[in-house]
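Asks: To start, I am sharing the structure in question, which I have written as structure tokens.
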Amino acid sequence: MPEIRNCLRCKKLFMYTVGPKICENCKKLEEEEFERVRQFVKEFPGATIQEVSRETGVSTQLIYRFLKEGRLEVAEDSPIALLCENCGTRIRSGRFCVNCSKKLANELLNAGRSLQNSLSRKPGESKEAEGGLRYLHGIRKEEFKDK
Ligand SMILES: [Zn+2]
Ligand SMILES: [Zn+2]
């Protein structure tokens with residue numbers, strides 16, 4: 437559903453649908469900035485984030501956002517340090533290292549499974565779900581005893 441919002445960058449009102457909460461004009465500007473940063477990092481893989489920011493005129497926050505969104509990747513030996521949000525290992529792009537990505541994907545998968553088990557249950561009702569599970573185990577034990 438489109439709604440009227442203030443652009444996060446220029447504060448102008450615009451019709452927001454999906455994606456980052458910025459207007460079309462700023463989206464275009466950001467694309468240009470992204471391209472500048474990407475080119476610069478490719479050309480000068482040894483540059484620090486301050487140098488990249490100074491030379492491209494793009495704020496360090498935005499450069500970090502590009503990195504965290506996984507759009508921008510820095511060289512293996514780049515001084516631009518991006519750390520895994522889970523374990524703190526140095527990574528080149530995104531928010532998590534390979535190991536944590538795998539682990540989190542698994543957890544997400546498991547969470548998805550238990551979500552399927554308790555379909556429309558809200559988080560506050562999870563205790564009830566545990567109780568139900570114990571109840572099921574109880575029944576299983578009873579059946580086992582009978583045999
Ligand atoms: Zn804007
Ligand atoms: Zn990690």
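Quick note on my numbering: the sequence shown kicks off at 437 and runs consecutively. Each residue gets a CB set at the ideal place from its N, CA and C atoms; glycine is no exception. Bear in mind the structure is a predicted one, so any value in this text is a computation, not a measurement.
Just to confirm, does R445 get its C-beta within under 7 Å of one of the non-hydrogen atoms of ligand 1?
Replies: Within the sequence shown, numbered from 1, the residue matching residue 445 stands at position 9. Result yes, Cβ under 7 Å from ligand 1.
Asks: With L449 as the anchor, note down where its beta strand (DSSP E) starts and where it stops.
Replies: By 1-based counting over the sequence shown, the position of residue 449 is 13. Taken as a continuous stretch (DSSP letters only), the beta strand (DSSP E) holding L449 covers 449–452.
Asks: Say the cut is 7 Å; is the CB of I440 nearer than that to a heavy atom of ligand 1?
Replies: The residue you call residue 440 lines up with position 4 of the sequence shown. Result no, Cβ not under 7 Å from ligand 1.
Asks: Could you check what DSSP says for R441 in three-state terms: helix, strand or coil?
Replies: Looking up residue 441 in the sequence shown gives position 5. Looking at R441 - three-state DSSP - the assignment turns out to be strand.
Asks: Look up I499 in the DSSP assignment and say whether it is helix, strand or coil.
Replies: Counting from 1 along the sequence shown, the entry for residue 499 is found at position 63. Of the three classes helix, strand and coil, the one that applies to I499 here is helix, per DSSP.
Asks: Considering only the beta carbon of each residue, do E469 and V494 sit closer than 8 Å?
Replies: Within the sequence shown, numbered from 1, the residue matching residue 469 stands at position 33. Within the sequence shown, numbered from 1, the residue matching residue 494 stands at position 58. Yes, the pair counts as a contact, with Cβ atoms nearer than the cut-off.
Asks: Please report the straight-line C-alpha distance between T385 and N546, rounded to a whole angstrom.
Replies: One cannot answer for residue 385 here, as it falls past the ends of the chain, which runs 437 to 583.
Asks: How many angstroms separate the CA atom of T453 from the CA atom of M437?
Replies: What you label residue 453 is simply residue 17 of the sequence shown in a count that begins at 1. What you label residue 437 is simply residue 1 of the sequence shown in a count that begins at 1. Using only the alpha carbons, I get a separation of about 6 Å.
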